[in-house]
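Just so you know, we're using my numbering here: the sequence shown kicks off at 2 and counts up by one. By construction, the Cβ of each residue, glycine as well, lies at the ideal position given by its N, Cα and C atoms. All values derive from a computational prediction rather than experimental measurement.
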Amino acid sequence: MRQATTTTGGHVLSSTQGHLIRRLSQLYVGLALYGASSALLVEAGLGLEPWGVLHQGLAARTGLTIGVVSIVVGAAVLLLWIPLRQRPGLGTVSNVFVVGIAMDGTLALVPEAHTLAVRIPLLLAGIVLNGVATGLYIAARFGPGPRDGLMTGLHRRTGRSIRLMRTAVEIAVVVTGFALGGTVGAGTVLYALSIGPLAQFFLRVFALPSASDGSTVVATGQPRRAILRP
């Protein structure tokens with residue numbers, strides 16, 4: 002009986018460790034792919050996602066790479082969590098660094114695109130890959146990205162809806178980024194219309210079973226809060 006108990010306990014421990022390894026793998030693969038997808042949108046030059054517009058505008062003004070700007074902005078947004086009483090997770094902190102590094106790495110590897118025949122497929126690939134990446138990293142359940150946490154924190158502090166907070170923040174981000182020289186275009190609109198359904202689909206694809214009971218868990222909290230972006 003004691004041996005059977007020990008064997009069962011070892012199996013549970015092994016299962017828990019395997020579950021954690023899979024979650025960590027999803028987190029970092031998802032964040033790396035998110036950075037790569039953002040880089041594809043930059044290369045396409047047909048319009049970036051809202052925060053990408055701000056990053057590109059700041060990069061143009063400061064001379065820093067867009068990946069470094071993404072890291073700096075992410076860290077600055079994370080500081081805003083303090084008065085909002087938000088608690089970051091491993092995914093939150095990792096998001097700040099991994100996405101920016103992956104973005105600069107991808108931009109260094111992908112050649113410049115000059116014709117629409119190349120730029121349009123790059124745009125579409127970037128948007129779809131962004132949806133894949135969002136599903137991967139959110140399903141890992143290691144905490145929201147700094148920008149998502151800002152919106153949910155504002156929601157809790159002001160009592161306003163998350164949709165209103167997201168819209169207000171992203172309009173301000175796009176306007177500021179465009180004024181600084183960021184790219185707004187058809188890609189920005191297409192991204193805004195498609196990222197929600199794409200992220201929802203891939204969130205279900207990459208949903209992980211709970212380590213304790215084997216049931217499938219998509220993400221902690223309400224999906225509408227999770228499906229924003231890093």
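- If you draw a 10 Å sphere on the C-beta of Ile83, you find fewer than 16 other C-beta atoms in it, and that means exposed.
- Judged by beta-carbon spacing, Ala126 lies within the 9 Å limit of Ser38, meaning their Cβ atoms are closer than that value.
- A residue is called buried once 16 or more other Cβ atoms fall within 10 Å of its Cβ, and Gly19, having fewer, is exposed.
- For the set Leu59, Ile196, Ile102 and Ser95, the Cα lying nearest the Cα of Arg142 is the one of Ser95.
- Unbroken alpha helix (DSSP H) runs of no fewer than 4 residues, entirely contained in the segment 13-85, are found at 51-63, 67-80 and 82-85, following chain order.
- About 4 Å separates the beta carbons of Thr135 and Ala200, which is inside the 8 Å limit, making them a contact pair.
- In this structure, the beta-carbon distance from Gly197 to Gly48 does not fall below 9 Å.
- Taking 9 Å as the cut-off, the beta carbon of Phe203 is found no closer than this to the beta carbon of Gly92.
- Closest option to Met166, judged by alpha-carbon separation, among Val54, Pro51, Leu151 and Pro112: Leu151.
- Residue range Leu91 to Leu110 is occupied by the alpha helix (DSSP H) that includes Gly106.
- The segment 165-180 and the segment 105-122 do not touch, with fewer than three beta-carbon pairs separated by less than 8 Å.
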